[in-house]
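Trainee:
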Amino acid sequence: GGIPFELGNLNGLEILELGGNKLSGLIPSAIFNISSMKKMGFSNNKLLGNLPPTLGSQLPYLECLSVWGNSLNETIPPSISNASKLYHIELVDNEFSGRALNAIGNLRMLEELHIFNNPNLGNIPDEIGNLSHLIGFDLSFNRLTGTIPQVVHKMKKLQLLYLYDNELHGAILDQLCELQALSELYMDNNNLSQQIPKCFSNLTSLRRLSLEFTRLESEIPSSFWDLTYLFGFSLAGNDLIGSLPQQVGNFKGLVFLDLSGNQLSGDIPVSIGGLLDLQDLSFAKNHFQGHIPKSMGNLVSLETLDLSANNLTGVIPKSMESLRYLQFLNLSQNRLQGEIPNGGTFANLSSDSFELNAGLCGLPKFGVPSCPEPIRENLKHIKYFGKLHIVVLKVILPLVIVASFALFMVIVGRKKKSKKVKEEPLPSFIWRMISLLDLQRATNGFDSCNLLGRRSFGQVYKGELADGTNVAVKVFDDFEGEVDDVTTSNTECEVMRNLRHRNLIKIISTCYTTGFKALVLEFMPNDSLQKWLYSHNYFLDIFQRLDIVIDVASALEYLHHGYSVPVVHCDLKPSNVLLDEDLVAHLSDFGISKLLGDGASMMRTLTLATIGYMAPEFGMEGIVSTKSDVYSFGVLVMEVFTRRNPTEGSFQAETSMK
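Counting from 295, one number per residue, gives the positions in the sequence shown under the working numbering.
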């Protein structure tokens with residue numbers, strides 16, 4: 295049905311949310327006369343018509359406007375510039391046209407602007423340079439023409455910039471390199487040209503980059519390989535030339551890499567085997583030559599691999615049999631030779647993976663000739679074995695095999711479940727743009743019923759996003775004017791978004807608005823280790839406790855030695871160890887973590903950890919180092935196996951744990 299006209303009589307109404315109700319017809323004009331309105335949502339309906347010309351002047355307190363997923367048309371009224379408090383606008387999937395962006399460019403407090411799929415918007419005006427508070431900017435699928443305005447560098451807080459599937463032309467501006475907060479940049483399918491700016495190495499916050507089919511040419515600049523914190527990048531479908539340097543192996547957190555459809559040549563770097571988190575890799579349709587490096591077998595998380603249509607020679611490395619999570623492999627249209635491996639993941643592959651490689655042989659299911667029988671060794675000398683050899687072969691060797699098998703079955707019986715969990719590939723969390731309004735919906739307005747507990751410098755709520763994903767939302771305490779709290783929240787955001795390890799909590803998104811700061815994290819259904827140790831309703835057997843301790847140790851080893859600089863957690867304790875559905879431990883709460891840069895082994899801090907877990911030099915002198923975490927880990931290990939809290943009253947000066 296339609297929206298009742300009577301809603302326009304609700305004077306004093308501040309929030310109106312009618313999204314997802316299959317509403318049709320026009321939006322009653324009287325609704326736009328409710329001057330007290332702060333948040334207005336009509337998204338995902340079948341509404342028609344346009345926004346009234348007096349929108350901005352009639353709604354001076356409006357903060358959030360969401361009308362995505364309708365059939366609203368005409369232009370966005372210029373009066374919207376009078377709604378100076380607007381910080382969130384969603385106009386996705388409508389039919390707006392004309393100079394819609396010109397008026398919006400004067401909304402200086404705007405933080406999120408989504409105008410995806412409105413196919414007649416014209417070009418990007420210079421007025422966007424006024425949006426100095428903008429964090430997320432999505433103008434994809436709009437048939438935008440013209441060039442990217444040079445004033446883009448004024449949007450200093452911009453984190454997400456989506457301009458893909460438009461008709462923009464010209465060069466990729468060097469001014470983009472001034473956006474130091476930029477985390478995601480997608481400019482696929484435009485008519486851009488020339489080359490990747492050398493200054494892209496200045497984008498130290500960049501985590502995802504896609505410049506597919508943008509008519510790039512020339513070589514990839516050497517400075518590009520300094521972006522070692524990237525989670526993924528695609529430069530597919532261009533005319534890039536040159537070879538890949540060994541520095542590609544420095545992208546330790548890389549999850550996807552696509553360089554297909556270019557003119558790249560040379561050998562595939564051996565260092566590619568160092569990308570242990572890589573899940574999707576494509577070098578298809580280039581001019582790579584030489585052998586497939588044996589180190590390719592080290593890519594333990596790999597799910598798709600496409601090396602087709604190159605000039606690769608030599609054999610398929612047998613080490614690739616260990617790629618247990620590989621679901622798609624394409625080595626067709628090369629000059630490979632020798633036997634196709636048939637163990638491990640190759641048992642599930644078909645002939646499609648190996649077409650047009652004349653020198654390959656192997657099993658019939660691969661569509662290649664059988665390999666010639668190997669020359670058998672002359673075994674006649676066996677008859678000259680002495681009696682001692684016969685005794686070893688017939689008596690001792692079987693006993694050793696039986697004993698080894700028995701020991702193996704005992705170990706596997708105890709560790710099977712744990713090992714199965716730990717060998718799962720790292721989940722791929724795609725960084726998402728999540729607004730304050732999304733979080734309010736997900737948590738029922740941060741209702742106390744959804745409160746999971748309090749962590750350092752903030753409260754944590756359980757939430758459910760629109761797609762059904764369960765998340766944990768850490769809302770930092772009011773930090774306005776509090777320098778220490780700002781530093782704390784910034785530290786936690788910076789540390790967590792850069793770290794990738796199966797035993798660390800994954801960050802899904804961040805949400806920054808005026809007076810509000812939050813992290814959106816993966817949800818841990820089994821709560822904390824603290825609860826499992828001290829609640830009568832939960833129990834951990836000795837092997838589960840051992841597995842949890844090993845998980846925590848693995849996380850610490852990565853923090854101290856696996857990241858570009860050592861990270862000191864500074865607050866290791868059971869309440870900061872969270873457990874997933876399989877009781878795999880995930881270290882959390884990096885609010886007072888410290889980064890030891892420039893070769894430093896320790897530093898001083900005024901932020902104290904939890905009494906009972908912190909090392910003496912931490913509490914007395916404020917000195918932290920990786921050894922401080924090791925001390926806390928030792929305390930945690932004793933607590934896990936004894937169920938005795940180090941701060942309980944029974945511990946006096948000379949008390950022993952015996």
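Note that CB positions come from ideal geometry on N, CA and C, so glycine has one too. Predicted model, so just to flag it, every value in this text is computed and none were measured.
(1) Determine the direct distance from the alpha carbon of L345 to that of P371, and round the result to whole angstroms.
(2) Given L620, which residues of its chain have a CB within under 7 Å of its CB, disregarding the five upstream and five downstream residues?
(3) Quick one: Cα of L534 to Cα of L866, how far?
(4) For a test of the three-state rule: what should DSSP assign to T639, helix, strand or coil?
(5) What does D533 pair with, by DSSP beta-bridge criteria?
(6) Would you report the Cα separation of T512 and S869, rounded to the nearest angstrom?
(7) Expressed to the nearest angstrom, what Euclidean distance is found between the alpha-carbon atoms of N484 and L745?
(8) Fully enclosed by the segment 347-375, which beta strand (DSSP E) runs are 3 residues long or longer?
(9) For the beta strand (DSSP E) that contains G661, what are its first and last residues?
(10) Less than 7 Å between CB atoms is the rule here; does A812 satisfy it with respect to chain C?
(11) By the DSSP assignment, the beta strand (DSSP E) with T607 in it spans what residues?
(12) Applying the criterion that 16 or more other CB atoms from any shown protein chain within 10 Å of the CB defines a buried residue, is A954 buried or exposed?
(13) Going along the chain, which residues of its own chain have a beta-carbon closer than 6 Å to the beta-carbon of E311, five neighbours each way excluded?
(14) Could you pull the DSSP bridge partners for A812 from this structure?
(15) Please state the DSSP three-state secondary structure of Y480.
(16) Less than 7 Å between the beta carbons of V862 and D923, yes or no?
(17) Exposed or buried, what is C805 when buried is set at 16 or more other beta-carbons lying within 10 Å of its beta-carbon?
(18) Helix, strand or coil: which one does DSSP assign to C864?
(19) In terms of DSSP beta bridges, what is R748 paired with?
(20) Which residue marks the beginning of the alpha helix (DSSP H) containing M932, and which one marks its end?
(21) Between G656 and G531, what straight-line distance do the alpha-carbon atoms span, to the nearest angstrom?
(22) When burial is assigned at 16 or more other CB atoms within 10 Å of the CB, is H795 buried or exposed?
(23) Considering only the alpha carbon of each residue, which of R437, S426, F740 and S499 lies closest to R402?
(24) Assuming E633 is part of the beta strand (DSSP E), what are its boundary residues?
(25) Let me know if P491 comes out buried or exposed under the rule of 16 or more other beta-carbons within 10 Å of its beta-carbon.
(26) Please return the same chain residues whose Cβ sits closer than 8 Å to the Cβ of N460, not counting the five positions on each side in sequence.
(27) What number of angstroms, rounded off, separates the C-alpha of I466 from the C-alpha of I422?
(28) Cutting at 6 Å between CB atoms, please list the residues of its own chain near D552, excluding the five before and the five after it.
(29) On the premise that I374 lies in contact with L404, defined as a C-beta separation below 8 Å, what is that separation, rounded to the nearest angstrom?
(30) Start and end of the beta strand (DSSP E) containing L486?
(31) Spatial neighbours of I634 within its chain, please: CB distance less than 8 Å, with the 5 preceding and 5 following residues excluded, ordered by chain position.
(32) Buried or exposed: which applies to T941, given that a residue is buried once 16 or more other Cβ atoms fall within 10 Å of its Cβ?
(33) So who's on the other strand from C655, going by DSSP bridges?
(34) Around the Cβ of K316, are there at least 16 other Cβ atoms within 10 angstroms (buried) or fewer (exposed)?
(35) Name the two residues that bound the continuous alpha helix (DSSP H) containing R839.
(36) Which two residues bound the contiguous alpha helix (DSSP H) that contains K825?
Mentor: Checking against the coordinates, here is how it stands:
(1) 7 Å
(2) L596, E597, L599 and T639
(3) 47 Å
(4) helix
(5) E511
(6) Sequence check: residue 512 is Ser here, not Thr. Distance between the alpha carbons of S512 and S869: 52 Å.
(7) 45 Å
(8) Within the segment 347-375, the complete beta strand (DSSP E) runs of at least 3 residues are 358-360.
(9) G661 -> no beta strand (DSSP E), and no H or E assigned at all.
(10) You won't find chain C in this structure, because it holds only one protein chain.
(11) N605 to G608
(12) There is no way to answer for residue 954, as the model of the chain reaches only from 295 to 952.
(13) G335
(14) V769 and C805
(15) Reduced to three states, the DSSP call for Y480 is strand.
(16) yes
(17) buried
(18) coil
(19) Q753
(20) T920 to T936
(21) 33 Å
(22) buried
(23) S426
(24) From DSSP, the beta strand (DSSP E) with E633 extends over R629 to E633.
(25) buried
(26) L433, S434, F435, N436, R437, L438, T439, N483 and N484
(27) Spanning the two alpha carbons is a distance of roughly 17 Å.
(28) S528, A530 and S576
(29) Between I374 and L404 the Cβ distance is about 10 Å, and since that is not below 8 Å, they are no contact.
(30) Judged by DSSP secondary structure, L486 falls within the beta strand (DSSP E) whose first and last residues are N485 to S487.
(31) I610, F640, F648, L654, C655, G656, L657, F660 and V662
(32) exposed
(33) E633
(34) exposed
(35) I836 to E851
(36) L823 to Y828
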